[in-house]
Each structure stands twice: as C-alpha cells, then as structure tokens.
Amino acid sequence: MSTEFSAETELRSAVERLPANSLKPLRQSALTGFLKTGFPGVKQEDWRYTNLQAAVTLSQRWLSADRGSIKKLPDSAASVLQQLQEQIEADWIVVASGQAFLDGSTISDADISVRLLSTDPQAAEQINTADPLSSFNAALMTDGLVIRIASNSVIKRPVAILLFDDSDTAAALSNARIVIDAGVNSSCQLLEIHRSHGAAEQFSNTVSQVNLQAGSTVALTRIQDREAHHLHTGRVAARIGADASFNITSIDIGGALIRNDVAIDLAEAGADVTMNGLYLASDNQHIDNHTRVDHRVGPSTSSEEYRGLLNGNARCVFNGKAVVHIGADGSDAQQSNHNLLMSDKAEIDTKPELEIYADEVKCSHGATVGQLDPVSLFYLRSRGLDKDQATRILTSAFATKIIEESPVAAAHDYLQQRSKACLERIIAGDSK
Amino acid sequence: MANDTNNIDSFVNRRYEHGFITDIEMDSLPPGLDEDIIRALSARKKEPEFMLEWRLKAYRHWLTLKEPEWAHVHYPKIDYQAISYYAAPKSDADKPKSLDEVDPKLLETYEKLGIPLHERARLAGVAVDAVFDSVSVTTTFKDKLAEAGVIFCPFSEAVAKHPELIKKYLGTVVPQRDNFFAALNSAVFSEGSFVYIPKGVRCPMELSTYFRINAANTGQFERTLIIADEGSYVSYLEGCTAPMRDENQLHAAVVELVALRDAEIKYSTVQNWYPGDENGKGGIYNFVTKRGDCRGANSKISWTQVETGSAITWKYPSCVLRGENSVGEFYSVAVANNMQQADTGTKMIHIGRNTRSTIVSKGISAGKAQNAYRGLVKIMPQAHNARNHTQCDSLLVGKECGAHTFPYMEVKNPSAKIEHEATTSKISADQLFYCRQRGLSEEDAVNMIVNGFCKEVFKELPMEFAVEAQALLNVSLEGAVG
Amino acid sequence: MLKIRNLHASIKGTEILKGLSLEVNAGEVHAIMGPNGSGKSTLAQVIAGHVDYEVTSGSVTYQGKDLLDLAPEMRAREGIFLGFQYPVEIPGVNNTYLLKAALNAKRKHLGLPEVDAYEFMKLIREKMKLMEMDPSFLKRGVNEGFSGGEKKRNEILQMALLEPTLAVLDETDSGLDIDALKVVANGVNTLRSPERGIILVTHYQRLLDYIEPDHVHVLSGGRIIRSGDKSLAHDLEERGYDWLSEAVSA
Chain Y
0 MSTEFSAETE LRSAVERLPA NSLKPLRQSA LTGFLKTGFP GVKQEDWRYT
50 NLQAAVTLSQ RWLSADRGSI KKLPDSAASV LQQLQEQIEA DWIVVASGQA
100 FLDGSTISDA DISVRLLSTD PQAAEQINTA DPLSSFNAAL MTDGLVIRIA
150 SNSVIKRPVA ILLFDDSDTA AALSNARIVI DAGVNSSCQL LEIHRSHGAA
200 EQFSNTVSQV NLQAGSTVAL TRIQDREAHH LHTGRVAARI GADASFNITS
250 IDIGGALIRN DVAIDLAEAG ADVTMNGLYL ASDNQHIDNH TRVDHRVGPS
300 TSSEEYRGLL NGNARCVFNG KAVVHIGADG SDAQQSNHNL LMSDKAEIDT
350 KPELEIYADE VKCSHGATVG QLDPVSLFYL RSRGLDKDQA TRILTSAFAT
400 KIIEESPVAA AHDYLQQRSK ACLERIIAGD SK
Chain G
0 MANDTNNIDS FVNRRYEHGF ITDIEMDSLP PGLDEDIIRA LSARKKEPEF
50 MLEWRLKAYR HWLTLKEPEW AHVHYPKIDY QAISYYAAPK SDADKPKSLD
100 EVDPKLLETY EKLGIPLHER ARLAGVAVDA VFDSVSVTTT FKDKLAEAGV
150 IFCPFSEAVA KHPELIKKYL GTVVPQRDNF FAALNSAVFS EGSFVYIPKG
200 VRCPMELSTY FRINAANTGQ FERTLIIADE GSYVSYLEGC TAPMRDENQL
250 HAAVVELVAL RDAEIKYSTV QNWYPGDENG KGGIYNFVTK RGDCRGANSK
300 ISWTQVETGS AITWKYPSCV LRGENSVGEF YSVAVANNMQ QADTGTKMIH
350 IGRNTRSTIV SKGISAGKAQ NAYRGLVKIM PQAHNARNHT QCDSLLVGKE
400 CGAHTFPYME VKNPSAKIEH EATTSKISAD QLFYCRQRGL SEEDAVNMIV
450 NGFCKEVFKE LPMEFAVEAQ ALLNVSLEGA VG
Chain X
0 MLKIRNLHAS IKGTEILKGL SLEVNAGEVH AIMGPNGSGK STLAQVIAGH
50 VDYEVTSGSV TYQGKDLLDL APEMRAREGI FLGFQYPVEI PGVNNTYLLK
100 AALNAKRKHL GLPEVDAYEF MKLIREKMKL MEMDPSFLKR GVNEGFSGGE
150 KKRNEILQMA LLEPTLAVLD ETDSGLDIDA LKVVANGVNT LRSPERGIIL
200 VTHYQRLLDY IEPDHVHVLS GGRIIRSGDK SLAHDLEERG YDWLSEAVSA
C-alpha cells in the first residue's frame with residue numbers, strides 16, 4: 000500500500016552514523032517503527048491526492064550518498080536571517096539542515112528556556128512518532144530544539160524560528176524537530192518561517208509539537224516560503240490542555256510539493272483552537288493541507304478557515320477533519336474552505352469532514368470553489384480599473400483576511416508584502 | 000417529573016411490523032457460486048448465449064476483486080459460497096395471466112404489507128411489477144403502457160423479447176467491472192425490471208415496483224435498467240420491505256438509468272428492509288450500485304431516496320452528467336436507529352458544459368447507529384460553467400450514535416462554482432419542551448421536528464409516496480427518544 | 000384555580016425558589032414582579048413542568064389536581080399556557096402545522112372533535128387580525144428568523160388560539176416597542192374573563208399600564224416578600240426593589 004522504499008540498509012547506517020548522544024535509543028525505535036510502515040502512499044485515504052514519490056526517491060539517493068551533518072550555520076542562512084530580522088520584530092533562532100544553532104539565538108527573556116533535545120530527557124520522552132513521516136523524522140534527527148515557556152509568564156516579543164535548508168552544492172534531506180512547551184497560564188507568540196536556498200533538490204520533513212498546559216495561550220504563524228523546486232512535508236501537532244487556547248495560521252507561498260499536517264488534540268475541558276490557512280499556488284505547485292482536530296472532551300471549541308488561490312497548473316488539496324468523540328458534549332466545531340481557481344489547468348480537491356459521536360454538539364462546515372466574482376470585477380472595471388488591477392484588488396482582498404487575522408501581529412507587514420509579491424507572480428501567470 | 004426526562008431507552012422499541020415469512024415452496028439452486036451455478040441459473044432462465052457470456056465475464060472479473068473496506072461500516076465476513084443464487088416460486092412453468100391466477104398466499108403477503116396490489120394499482124393509477132424473490136409474478140396496466148409504446152417488464156422478459164435493447168444498454172452505465180458488488184450482481188442477477196420510454200413519450204403513469212426478499216439464505220440480486228429515449232419522461236418508484244429473519248441477507252442490486260437528449264428520469268426509493276433487532280441481530284445488508292447517465296444534452300436524472308431500513312446500507316445513487324446542460328439531483332433522507340449502519344451519498348460527475356447538480360442530504364442518527372454521508376462532486380476539465388450546490392445536514396437523536404460527513408470535491412475547471420454546506424445538530428431540549436408546553440406528546444414533537452428537518456427531501460417525492468415516507472420515518476424513530 | 004404552597008425548586012443543585020406560596024383564582028390577573036435572579040422565570044417554568052427544574056418540596060395544585068404529577072403536555076392540555084421569555088426556533092416546522100397539532104391535541108384530550116383544515120384557517124385568520132399579524136407568518140417555520148417582537152406576538156397568537164384556563168406570560172413585554180406592547184396587551188386583555196386566570200411575570204411596571212392587574216406580588220430571593228394591589232407596582236416604579244429587600248432582610 001505504501002510508496003516503495005528501497006534504501007533500508009542505507010537508512011540504517013545513516014541512523015547509525017548520527018551523533019552518539021542520548022537520542023540514540025529514540026532514533027532506533029523510531030527507525031523500527033518507520034520500517035514497518037514505510038512512506039505513505041496514494042492508496043491511503045489521507046494521501047490519495049498527494050504522491051510523495053519524488054521525496055522518497057530523493058531521500059533514497061541522499062541516504063546512499065552519505066552526506067552527514069553540517070558543522071556551522073551556512074552563509075546563505077545568515078543572510079536570510081539578517082533580511083528577516085530587518086523586517087520582523089522578534090527574537091530569533093535558526094534551525095538549519097535540521098539542526099538547531101543555539102549560539103546565534105537572540106532570545107534573552109529569562110522566562111524562555113531554549114535547549115537541545117538531547118539535553119532535555121523529559122522532552123525526548125514525549126517525542127511524537129505517531130505517523131510514518133514523524134518516525135522518519137525522529138529516526139534521522141540530528142538533534143531537536145526545545146523551547147519552554149515558564150508558567151504564568153507573558154512573553155511579549157515573538158519568538159521566531161527560521162527553518163532553513165541549503166542545497167547549493169548537492170541535494171539535501173533534513174528532519175527538523177521542534178518541541179514547544181507552554182507552561183500553566185503562560186502566553187507567547189511564535190513564528191515558524193520556512194526558507195530554503197540552492198539549485199539542487201531538497202526535501203525537508205519537519206515536525207513541531209506544541210504542548211499547551213492549562214490556561215496557556217499560544218499564537219503560531221507558520222510561513223512556508225521555500226524555493227519553487229523544493230519539497231517539504233511539515234507537521235504541527237498540538238495538545239491543548241484545560242482552558243488553553245491555540246491560534247495557528249499556516250501560510251503557503253513557496254515550494255514545489257508541499258504537504259502540511261496540523262493535528263490538534265483538544266484534550267481537556269475548555270480547550271480551544273483556531274486554525275486558519277492560506278495557500279497561494281501557481282505553475283506546477285502542489286500544496287496539500289490536511290488538518291485534523293479531535294474534540295476529546297467538552298466543552299471545547301475549534302474554528303477553522305482555509306483559503307486558497309490557484310493558477311497555472313497548480314494543484315491544491317484541502318482536507319479538514321473534525322472528530323467529536325463520545326462524551327465530548329458541548330463541542331463546537333466550525334470549518335470552512337474557500338478556493339479561487341484562476342486557470343483551466345489548476346485543480347482543487349477539497350474535503351471537509353465531520354465525524355461526530357456525541358450529541359450535544361454544534362458543528363458546521365462549508366466549502367466553496369469558484370472564480371473571482373464577475374459582478375465585482377465588472378464593477379471595478381466600470382470605475383476605470385483595468386482587468387489586471389481589478390483582479391489584483393480582488394485577489395488581495397481574498398487573501399488579506401487570513402493574513403490580518405493571523406495571530407502574530409509583528410509578521411503582518413511582512414506577510415502582506417510577501418503575499419502581494421506572490422499574487423503579482425500568480426496574476427502575471429494568468430495573463431501569459 | 001421523573002417520567003418525562005429525556006431517557007433514551009425508556010420507550011419500548013416498536014417491532015418491525017412487516018416481519019413475517021411467507022411459506023411458498025421454492026425451486027432453488029444449491030448454495031454456492033461457480034461457473035456451473037451461473038450456467039445453471041442462465042439455463043433455468045432460458046437466456047440467450049450472449050447473456051451467459053456476459054455473466055461469465057463478470058464472474059471471472061469478480062474473482063479478481065476484493066470486497067471493499069473503505070466504507071464507514073462494520074460487519075462479519077460474508078460467505079459467498081453459503082448463499083443460494085436462485086430461487087423461484089414453483090409455479091414458474093405457468094405464470095399467472097392475471098391477479099386471479101396469482102398464488103393466494105402471495106396476495107395475502109401483500110395484504111399484510113398494507114399493499115393491496117389491485118386496489119392500489121387501480122386507485123393510484125400505478126402499474127406494479129411486483130418482484131417476489133426472483134421471478135416476477137404479475138404485471139398490471141400493461142395495455143395502457145403498451146398503447147404509449149412504453150416497455151415495462153421483468154428483466155428476463157426483456158432479455159427474451161428485446162435483446163437488441165439489452166445488448167445496447169446493459170452494463171453501459173455500471174460496467175461489469177465497476178466494483179465488487181456490481182460484478183457479483185452482473186454474474187448472478189436473477190430478476191429485475193426493465194423500462195424503455197420511446198422518443199417523445201411522457202410515461203402515462205408512475206411506474207412502481209415493490210420488492211420483497213423472502214427465502215432464507217437467498218441473496219437478492221436485482222437488476223434494473225431504465226432507458227428514457229429522446230424527449231421522454233418517466234417517474235419510477237421503488238419500495239421495499241422484508242420479512243423478519245435472523246440470518247443476515249445480502250442484497251446487491253444494480254440500477255442503471257440512461258437519459259438521452261431532453262429526457263428526464265425521476266427515480267424515487269423508499270427503502271424499509273428489515274434493519275435487525277435492537278441488538279443488531281439479523282437485518283439486510285444493502286450493498287447497491289445505482290447510477291444514472293445523462294447521456295444527451297438537456298437531460299435530467301433525479302434520485303430521491305428515503306432510507307430507513309437495512310442493517311447496513313452502502314449506496315451512492317450517482318449521476319454522470321455527460322450531456323451539455325444536463326442536470327443531476329440527489330435528495331436523500333437516511334435514518335439509522337438502534338445498531339444500523341448507513342454509508343450513503345452520491346457522486347455527481349460533471350463532464351458536459353453547463354451541467355448542474357444539487358445534493359440535499361438529511362441524515363438522522365438515533366440509538367447506537369452510525370450514519371455517514373459520503374459524496375463526490377467531480378468537475379472534469381471540459382465541464383465549463385458547471386454548478387453544484389450541496390446541503391448536507393445531520394440530526395442526532397441520543398447520545399450513543401454517530402453522524403459523519405465525507406464530502407469529496409474535485410474541481411478541474413475554473414469556471415465551476417461549487418458550494419458545500421453541512422451542519423450537525425440535535426433536537427434540543429428547549430424545542431421539545433416548547434412543543435410539549437403547547438400540548439404535543441414528546442413523540443409527536445420529535446416526529447414533527449424530524450419531518451421539518453426532512454421537508455426539503457419529502458417535497459421531491461410523489462404525493463402518495465411522501466405520505467408513506469413520513470409515516471415510515473415516524474415508525475423508524477419510535478423508541479429513539481423518550 | 001392555582002394553589003402553590005411553600006414551593007422549593009432548584010436547578011442543577013442550586014435552590015431558586017425557597018418557600019413560595021401563591022393563590023390565583025379564576026378571573027384574576029396577577030403580576031409577579033421582582034429584580035433579576037429573584038426566581039420569576041423559574042416559577043413560570045416550574046408551573047409549565049420544565050424538566051431541568053426539580054421541585055424539592057411544597058405543592059402545586061391546579062383545579063384540584065396535583066400539577067407536579069403531570070407531564071408538560073398534559074398540563075398544556077389541561078389549559079395551562081406558558082408564554083416563553085425566549086421562544087425557541089424550530090427550523091422547518093411550519094407555524095400553522097404546530098398550531099393545528101397543538102389545538103387538536105388539546106381538543107382530543109377534552110373529548111372535542113378535531114378541527115379540520117378549513118375551520119382551522121378561519122379561526123387562525125381571525126386571531127391574527129387581533130394580533131395585527133401578517134398572514135405570511137403562518138407559512139414560516141416556528142419562530143424561525145423572527146425578530147424578538149415577532150416571537151412575542153406569536154406567543155400571544157398561540158395563546159389566543161389555544162384559549163388557556165391559566166396563562167403564564169414570562170417577560171412578554173421585554174424587547175417590545177410601545178406599539179407592539181399595545182398590540183400584545185390588547186391580545187391579553189381580550190382574553191381576560193371570569194373563567195380565566197393570568198399570571199404576568201415582568202420586571203417593569205410598563206406592561207401594567209396596559210394590562211391592569213388585580214394583585215401584584217414582589218418576588219425576591221425565591222419567595223414572595225410583599226403582595227398588594229396595583230398601587231404596589233407604582234411604588235416599585237418610584238422606589239425600586241431595594242427598599243423591599245432591605246425591609247425583609249432587616
């Protein structure tokens with residue numbers, strides 16, 4: 000059923016060669032787990048629209064070539080970091096080629112603890128390997144990054160993590176792991192910014208796990224802005240405790256083949272999640288967003304809105320699933336997905352699912368697929384705007400809502416500017 | 000006030016009222032399935048060679064298939080070798096020419112079902128092709144239909160009398176290889192209905208078939224083929240009941256509809272097969288493949304279904320919108336109570352330009368039942384200006400049931416406009432109290448609210464069917480709320 | 000007609016009514032007033048038999064019967080009508096359908112023949128004229144998409160149709176503008192008769208300018224702390240509730 004993986008020996012020896020730190024047993028058990036399943040394949044319901052073959056082939060070649068880990072932060076990462084620092088007010092830390100570089104961290108707040116996973120046995124114990132890609136990630140992680148927010152602390156300045164991969168000289172594979180733990184009644188804002196560089200192929204497979212303890216509030220804006228020929232799979236898994244609230248916005252601008260999974264566990268009474276997303280795709284981009292929220296107890300609330308704009312040969316997938324478990328009375332799950340198709344060759348596959356096993360619930364979902372509203376287009380043109388201008392105004396209005404509602408305000412200007420540039424490219428593709 | 004709390008289990012479930020077994024001698028083939036059985040079945044039905052070949056081809060393909068597992072349903076493995084694939088009343092040799100000649104026991108059966116056949120047929124102006132197990136016993140109003148040029152007859156008669164139509168259309172909507180159950184049906188189907196409406200003819204009456212499953216261990220494999228030639232119209236009603244039995248009975252029917260240019264087919268179903276008892280024992284497995292092909296421009300196919308019976312329902316009446324401006328509709332009420340499992344929905348495949356589809360699905364879950372809507376709206380690249388609107392609502396009655404929605408939308412054309420809305424809710428304590436304060440009993444209040452919930456679908460049913468469906472719904476939900 | 004003796008009732012373990020006694024005779028209009036949270040709505044709900052409220056002690060008799068023994072629908076058929084403070088929406092269920100079903104349920108209970116569709120429409124049109132309601136009302140779902148004022152009118156329309164023996168109107172005046180209030184009051188006044196008892200639950204004296212009560216009771220802390228005639232309502236209007244509560248707790 001799964002995608003053919005034929006580099007078992009190479010994978011075993013690559014895992015063997017990783018630094019002999021405290022994570023070794025963890026890697027071994029993840030490896031065993033991964034080898035049982037292999038990579039997911041299109042026969043699996045969750046992967047029916049997304050074929051990982053290119054990423055698998057690349058991984059096999061990378062493993063055979065025996066590249067090992069990098070020792071210092073590449074120059075390309077430093078220059079991207081510098082640009083970003085000029086545009087976004089935040090404290091920064093870089094994860095390059097799957098390795099955290101704590102030296103360059105600008106985080107100084109005493110309420111934030113930043114360390115490597117290998118030095119945090121408690122975090123290492125909680126490493127999530129629930130799905131094949133997380134197992135693959137855990138088997139091959141050099142080290143992970145752990146960020147802990149002290150209980151009862153309010154962190155004002157956003158913490159930004161730059162996830163960077165360089166394939167300038169050769170094809171690259173990376174498996175970054177980030178663990179966030181928000182203490183009781185704490186509050187923080189996080190940015191996860193994905194960038195890449197290099198003419199050669201690369202496949203980055205990241206996993207972020209967020210634990211929200213009782214009463215905590217975590218805001219996370221995830222900006223996936225990788226180079227147009229790079230492959231990426233990313234998972235954000237969050238467990239939300241009593242009366243805790245998680246607000247995540249996931250923005251996809253770049254990448255060739257992108258698969259994002261957001262898995263939310265509303266584990267205790269009063270847990271709440273808002274998950275929004277925006278995907279802007281053109282050319283041959285393939286962007287797949289899968290979200291799943293489990294209402295395990297009530298009352299708990301989830302609300303979700305994803306928007307997508309597709310041009311060229313782009314293919315996007317949205318699959319939102321809300322599961323309300325037995326006894327989770329008082330659950331409220333709202334979900335919507337809206338898509339604008341701008342080209343004959345673009346395709347959207349959307350599936351907003353509900354699985355309900357409790358009766359005191361309020362659930363609704365909606366999905367739409369369409370074009371820019373011709374009435375609005377005509378209205379703007381009748382006011383003297385040309386078609387491109389009118390299109391620009393309407394598409395940016397469509398995208399702006401998600402950006403403005405994204406939870407880390409410090410990144411709004413940057414996002415507006417990036418999405419504007421991206422829309423220019425997409426619209427230009429339209430008039431070609 | 001203890002007696003009026005919302006205690007789900009406090010009402011005694013009403014027993015299935017159509018549960019009884021008619022004792023008629025059966026002329027059956029032994030259980031089991033192989034090529035010899037298929038040859039014997041085909042021979043007994045005196046079929047021409049092409050039919051036998053067609054069946055064998057389907058059977059050989061079926062052997063290569065695996066039973067599907069993706070639906071949101073669970074049931075013990077079916078032993079296909081334990082099923083008898085043919086049963087016919089003994090009086091097969093000399094078929095009755097009129098109702099008077101019909102085995103009185105059979106007529107009695109219909110009486111018990113509350114379907115006074117002759118009465119009903121005369122009063123309602125409905126022609127009835129009643130299927131008793133596998134062989135059609137009686138057909139009425141043939142003359143009137145013949146006058147209009149309409150062919151409405153048992154499938155086997157159509158194979159004998161109209162082989163050219165069978166050859167031309169059979170398996171063109173649901174191919175033999177379509178899926179596991181369709182392949183099985185293609186190999187072993189024993190009876191069914193055939194309808195042909197000639198060019199420009201508006202069928203003078205609603206065509207109706209009542210199905211019954213009777214003999215123990217006899218799988219029922221119906222095959223229905225309806226062809227509406229250019230500019231014609233037909234409304235077809237299908238309703239089912241079944242006797243109470245402990246063994247699970249498999250039903251794998253195939254229905255194929257073909258609508259040519261400017262033709263319209265309206266297909267309505269009320270399905271009330273035995274759902275099993277409160278503990279999930281017994282009940283029909285209803286694995287049906289229903290598909291309509293809007294082959295010509297401006298054609299229309301409309302499915303309306305009220306599904307209250309069966310232990311397991313696996314059914315997706317679909318429309319292939321091939322012709323330009325063709326229209327597909329699906330209106331469904333699916334009720335699952337006690338241990339019932341339903342996985343039902345539709346597929347709307349938009350191929351032609353300006354094709355439109357509407358989906359209204361109302362799912363009601365009660366008891367420990369699981370009720371899933373599964374739908375696909377697919378817009379092919381050439382389907383310019385396709386439109387779909389889907390409304391998919393679930394109503395939960397009780398704490399232990401499940402309501403699930405799996406809508407797939409695959410859009411490959413930018414001019415498409417697709418809207419999907421879904422809600423899940425329960426009958427609120429406030430609504431019940433409000434109605435009771437106005438003097439309605441709790442059951443009446445529930446029925447009223449449920450019927451309100453289903454209104455959009457019921458209005459699509461032919462009048463007399465709508466009344467029946469509403470009553471059926473009330474019976475199905477009895478005991479769900481206390 | 001209605002005798003409430005030392006009634007204690009609680010919701011989810013919290014006691015709201017703490018020894019309330021009240022007697023309503025045929026032909027009387029009683030106004031129950033009191034600050035928010037005093038238990039006014041609880042009293043209305045308990046009379047109608049809402050399942051969430053538990054009667055822990057005391058008695059309620061209605062026309063000599065133990066009311067607490069009856070299911071909500073039996074109370075309704077025996078002639079008790081509750082005008083809800085927040086009438087619930089029932090999507091898809093036609094207003095006419097509910098009204099006809101309710102009327103016939105009551106008639107059947109009383110051994111009267113059910114009214115047919117024709118008679119019913121004649122009856123309802125007449126009542127709607129009284130309530131100055133648009134006929135399109137009948138085609139809409141029960142309270143579905145109604146404004147606050149429309150919902151309240153709909154309650155009074157139902158009351159006019161069902162002709163209860165005892166009507167309990169819970170904050171029927173809240174959310175109404177002055178014109179709507181007059182229409183609603185007119186509807187209630189039309190129903191005043193020697194055979195009928197009416198309980199008006201209200202926070203403000205305003206409604207009582209249009210429906211003159213025979214008795215006014217002040218409810219506070221789950222008990223009636225003062226009873227009087229309509230002049231008591233005017234005192235409350237001028238002085239508020241505090242002086243009474245203080246007098247009691249002193």
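Protein chains in written order, with numbering that gives the first Met the number 0: chain Y, 0 to 431; chain G, 0 to 481; chain X, 0 to 249.
Heads up, the beta-carbon is just placed ideally off N, CA and C, and yes, glycines get one too.
Backbone CA spacing between residue 149/X and residue 387/Y [nearest angstrom]: 48 Å
Cβ-Cβ separation, residue 329/Y to residue 359/Y (assumed contact under 8 Å), whole Å: By a beta-carbon distance limit of 8 Å, residue 359/Y contacts residue 329/Y. Their separation comes to about 6 Å.
Paired residues, beta bridge with residue 342/G - DSSP: 313/G, 371/G
Where residue 438/G meets chain X, residues with beta-carbon distance less than 7 Å: Simply 72, 75, 76, 101, 104, 105.
Short-range partners of chain Y found in the region 406-439 of chain G, where Cβ spacing is below 8 Å: Result list: 406, 407, 408, 409, 410, 411, 412, 413, 414, 415, 416, 417, 418, 419, 420, 421, 422, 423, 424, 425.
CA-to-CA distance, residue 303/G to residue 301/X, given in whole angstroms: The shown model of chain X, from 0 to 249, leaves out residue 301/X, and the question about it has no answer.
DSSP-derived helix/strand/coil call for residue 304/G: strand
Alpha-carbon to alpha-carbon, residue 409/G and residue 338/Y: 12 Å
Candidates 154/Y, 144/Y, 84/Y, of which the one nearest residue 97/Y by Cα: Of 154/Y, 144/Y, 84/Y, the smallest CA-CA separation from residue 97/Y is found for 144/Y.
Beta-carbon contacts of residue 48/Y that lie in its chain and below 7 Å, excluding the five residues immediately before and after: 287, 316, 348
Chain Y contact residues for residue 349/G, given Cβ-Cβ distances below 7 Å: Chain Y residues near residue 349/G: none, gap ~12 Å exceeds 7 Å.
Local conformation of residue 434/G per DSSP, three classes: helix
DSSP-derived helix/strand/coil call for residue 235/G: strand
Contacting residues, own chain, Cβ-Cβ under 7 Å from residue 5/Y (five flanking each side not counted): 59
Local conformation of residue 223/Y per DSSP, three classes: DSSP places residue 223/Y in strand when its eight states are reduced to three.
Assigned secondary structure, residue 63/G (DSSP; H/G/I helix, E/B strand, else coil): Note: residue 63/G maps to coil in three-state DSSP.
Enclosing alpha helix (DSSP H) for residue 5/X [first to last residue]: Premise fails: residue 5/X lies in the beta strand (DSSP E), 1-10, not in any alpha helix (DSSP H).
Identified DSSP bridge partners for residue 13/X: When DSSP reads this structure, residue 13/X sits in a beta bridge with 10/X.
Straight-line gap, residue 434/Y to residue 43/Y (C-alpha atoms, nearest Å): Examination of residue 434/Y is not possible in this model, given that chain Y is present from 0 through 431 alone.
First through last residue of the alpha helix (DSSP H) which encompasses residue 75/Y: 74-86
Rounded C-alpha distance that separates residue 201/G from residue 257/G: Roughly 15 Å separates the two Cα atoms.
Rounded distance between the beta-carbons of residue 351/Y and residue 364/Y, thought under 8 Å: 4 Å
Any C-beta of chain G under 8 Å from that of residue 304/Y: no
Contact list for residue 140/X against chain G, beta-carbon separation under 8 Å: 451
Residues of its chain near residue 444/G, where Cβ-Cβ distance is below 7 Å and the 5 sequence neighbours each way are ignored: 431, 434, 435
Exposure of residue 119/Y, with buried meaning 16 or more beta-carbon neighbours within 10 Å: Looking at its Cβ environment, which holds 16 or more other Cβ atoms inside 10 Å, residue 119/Y is buried.
Chain G contact residues for residue 86/X, given Cβ-Cβ distances below 9 Å: Near residue 86/X (Cβ distances below 9 Å), the residues of chain G are 433.
Assigned secondary structure, residue 152/G (DSSP; H/G/I helix, E/B strand, else coil): Secondary structure at residue 152/G: strand, using DSSP grouped into helix, strand and coil.
Residue 182/X: first and last residue of the uninterrupted beta strand (DSSP E) it sits in: Here residue 182/X belongs to no beta strand (DSSP E); instead the alpha helix (DSSP H) covers 177-190.
4 or more residues per run - each alpha helix (DSSP H) lying fully within the region 34-120 of chain X: 39-47, 71-76, 94-108
is_contact[residue 447/G, chain X] using C-beta, thresh 8 Å: yes
Inter-stretch contact (C-beta, 8 Å, three-pair minimum) for the region 452-463 of chain G and the region 359-368 of chain G: yes
Contact check, residue 187/G vs residue 220/G, beta carbons under 8 Å: yes
Residue 13/X classed as buried or exposed, judged by whether at least 16 other C-beta atoms fall within 10 angstroms: exposed
Residue 73/G classed as buried or exposed, judged by whether at least 16 other C-beta atoms fall within 10 angstroms: Residue 73/G is exposed by the Cβ-count criterion.
Reference residue 190/X, options 163/X, 242/X, 207/X, closest by Cα: 163/X
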